[in-house]
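Order-wise, the sequence lines are chains A and B.
Using this note's numbering, read the first sequence as starting at 1 and increasing by one per residue.
Using this note's numbering, read the second sequence as starting at 228 and increasing by one per residue.
By construction, the Cβ of each residue, glycine as well, lies at the ideal position given by its N, Cα and C atoms.
Just so we're clear, the structure is a prediction, and the values are computed from it rather than from any experiment.
What follows is a single structure, written as structure tokens, with notes after it.
Number of protein chains: 2
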Amino acid sequence: VRAFTDDLSVLDSQIVKMGGLAEALLGDAFDALASSDGQLARDVVRRDVLIDEIESDVEERVYAIIARRQPMAVDLRQIIAALQISNELERVGDLSKNIAKRTQDILGKDLDPRLLTGLRNMTTGALTQLHEVMDAYADRDATAALRVWRDDDTLDATYNSVFADLIAHMTHDAPDVGLYTHLMFGAKNIERVGDHTTNIAENVFFLVTGNRLESDRPKRNCVTIPR
Amino acid sequence: VRAFTDDLSVLDSQIVKMGGLAEALLGDAFDALASSDGQLARDVVRRDVLIDEIESDVEERVYAIIARRQPMAVDLRQIIAALQISNELERVGDLSKNIAKRTQDILGKDLDPRLLTGLRNMTTGALTQLHEVMDAYADRDATAALRVWRDDDTLDATYNSVFADLIAHMTHDAPDVGLYTHLMFGAKNIERVGDHTTNIAENVFFLVTGNRLESDRPKRNCVTIPR
């Protein structure tokens with residue numbers, strides 16, 4: 001039994017480490033964009049590999065633990081949750097890497113301060129949510145997970161306003177359509193981090209309670225373009 | 228042992244069914260876009276729920292089978308692969324639903340035939356790959372999975388050319404930036420179906436061989452904007 005507890009706690013610490021890395025990558029990806037820092041952008045791309053490595057390690061451990069320990073009930077839920085959460089965090093890493101690659105393509109371009117503020121608000125919102133859901137995971141706190149799950153709306157609202165700005169820029173600044181396209185996909189990536197965070201919240205809720213959250217959150221009906 | 232084989236074959240048939248649904252949704256989402264068919268678009272949105280339901284069912288079965296049967300080695304790989312593949316297919320359903328929702332926002336707009344041809348080529352390419360990987364799954368054919376995994380480049384190349392077209396349209400047709408934005412994200416969604424297909428190919432390969440494919444496929448260095 002002792003060895004099984006050890007197995008689970010290693011799995012746990014790998015997930016927590018992955019969460020920390022994912023947060024750092026998203027934060028740095030935005031900083032690289034905001035300060036047009038090519039070196040930091042390259043660094044984000046490089047560090048994404050670390051997340052992929054932990055994901056592989058988690059998957060190997062999950063197979064080994066199930067085969068060796070025949071876990072049931074909450075133990076099994078912990079193990080499957082680790083697998084699924086590591087998958088979500090790997091995608092957060094990918095999205096951050098993608099922002100960093102786009103940053104490398106638009107280095108030195110002047111960005112409208114209002115747009116940058118919008119993107120910063122999105123990033124801060126996404127990071128807060130991600131941090132809170134990883135805390136909920138570490139604390140096995142279903143109530144906190146539920147709170148994160150309900151709060152994704154705020155990020156969506158910021159995304160909608162950034163998007164409206166970007167459409168306006170594109171419409172009036174034809175030569176820079178390429179730049180704004182990168183920013184659009186960048187904004188979309190941050191919004192998708194919010195979706196992965198919501199998925200993690202569902203995993204944490206199930207892990208703790210054994211009950212599923214409804215898969216469709218109530219979505220605020222949002223204006224026009226973004227989907 | 229008989230009951231265990233039954234468990235696995237139900238899991239299998241659920242995955243195959245999900246694959247068929249995902250293909251149908253993507254195909255119909257494109258048809259709705261191409262023929263400006265609002266009813267078909269609504270139908271795609273509605274049917275995506277069926278995929279979500281099968282995903283939940285698969286997850287429940289996976290928990291039950293592991294807890295009851297203590298599977299090991301290839302049996303365990305089959306069960307975990309089913310869980311992971313159902314997750315990828317659920318996302319293909321989401322992406323198709325997203326295309327259908329965007330279609331509802333641009334109903335009746337005239338689309339440049341050349342753009343439509345590009346999007347149709349992407350859809351056909353994505354559907355072929357998805358169909359082949361689901362065949363590889365059904366046949367437990369690692370070679371076929373590897374072939375799908377290597378072929379994602381073709382879809383990426385079509386995506387790049389569609390994207391260049393869209394950027395040109397946006398640059399010269401400012402009032403319709405909103406329309407082209409929807410098409411850009413639509414094209415990106417189809418490209419992402421390709422990524423999920425590649426992930427499924429990795430799952431099938433591991434399920435059959437017990438070995439991992441390298442996680443970074445060799446990517447053709449592509450032109451400018453798309454990432």
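Chain A residues whose Cβ lies nearer than 8 Å to that of residue i
i, result
"residue 398/B", "174, 175 and 177"
Contact set between residue i and chain A, taken where Cβ atoms lie within less than 9 Å
i, result
"residue 292/B", "Under the 9 Å cutoff, chain A gives no residues; its nearest Cβ is about 11 Å from residue 292/B."
Contact list for residue i against chain B, beta-carbon separation under 8 Å
i, result
"residue 76/A", "290, 293 and 294"
"residue 228/A", "Lying outside 1 to 227, the shown extent of chain A, residue 228/A is not represented and no answer is given."
Proximal residues to residue i (C-beta, below 6 Å), its chain only, five neighbours per side dropped
i, result
"residue 136/A", "144, 145 and 204"
"residue 130/A", "23 and 197"
"residue 180/A", "166, 169 and 170"
"residue 4/A", "69"
"residue 85/A", "15, 200 and 203"
Same chain, Cβ closer than 8 Å to residue i, five either side skipped, listed in chain order
i, result
"residue 221/A", "A caution first: residue 221/A carries a pLDDT of 39, below 50, which makes its placement in the model unreliable, though a value can still be read off. Same-chain partners within the cutoff: there are none."
"residue 428/B", "360, 363, 372, 373, 375, 376 and 440"
"residue 422/B", "379"
"residue 223/A", "With a pLDDT of only 38 at residue 223/A, under 50, the local geometry of the prediction cannot be trusted, and the value read off the model is given with reservation. So the list reads 160 and 164, once near-sequence residues are dropped."
"residue 17/A", "54"
"residue 139/A", "none"
"residue 279/B", "317 and 320"
"residue 236/B", "none"
Closest by C-alpha distance to residue i, when choosing among the options
i, options, result
"residue 306/B", "397/B, 289/B and 417/B", "289/B"
"residue 156/A", "124/A, 172/A and 178/A", "124/A"
"residue 417/B", "276/B, 348/B, 331/B and 271/B", "348/B"
"residue 436/B", "338/B, 369/B and 232/B", "369/B"
"residue 191/B", "237/B, 415/B and 400/B", "Summary: the structure shown does not reach residue 191/B, with chain B confined to residues 228 through 454, and so no result is reported for it."
"residue 100/A", "84/A, 10/A, 40/A and 51/A", "40/A"
"residue 199/A", "175/A, 128/A, 187/A and 87/A", "87/A"
"residue 59/A", "12/A, 38/A and 105/A", "12/A"
"residue 221/B", "402/B, 291/B and 342/B", "A query on residue 221/B cannot be resolved here, the shown segment of chain B reaching from 228 to 454 and no further."
"residue 211/A", "65/A, 77/A, 19/A and 38/A", "77/A"
Residues that residue i contacts on chain B, provided the C-beta gap is smaller than 7 Å
i, result
"residue 72/A", "294"
Presumed contact (8 Å Cβ cut-off) between residue i and residue j, rounded CB distance
i, j, result
"residue 249/B", "residue 319/B", "4 Å"
"residue 296/B", "residue 234/B", "7 Å"
"residue 107/A", "residue 36/A", "5 Å"
"residue 257/B", "residue 329/B", "Wrong, their Cβ atoms sit about 11 Å apart, outside the cutoff."
"residue 346/B", "residue 389/B", "6 Å"
"residue 252/B", "residue 275/B", "6 Å"
"residue 67/A", "residue 299/B", "5 Å"
"residue 433/B", "residue 309/B", "Not confirmed; about 12 Å, so no contact."
"residue 44/A", "residue 97/A", "6 Å"
Close Cβ partners of residue i (< 7 Å) along its chain, the five nearest in sequence each way excluded
i, result
"residue 284/B", "241"
"residue 409/B", "329, 332 and 333"
"residue 419/B", "322"
"residue 385/B", "345, 348, 349 and 352"
"residue 38/A", "104 and 107"
Residue-level contact to chain C via CB, residue i, 8 Å cutoff
i, result
"residue 427/B", "Absent from the structure: chain C. Protein chains present are A and B."
Short-range partners of chain A found in the region 401-423 of chain B, where Cβ spacing is below 8 Å: 401, 402, 404, 405, 408, 409, 411, 412 and 415
Within 8 Å of chain B by C-beta, residues of the region 23-54 of chain A in sequence order: 52
Members of the region 85-112 of chain A near chain B, C-beta cut-off 8 Å: 87, 98, 101, 102 and 105
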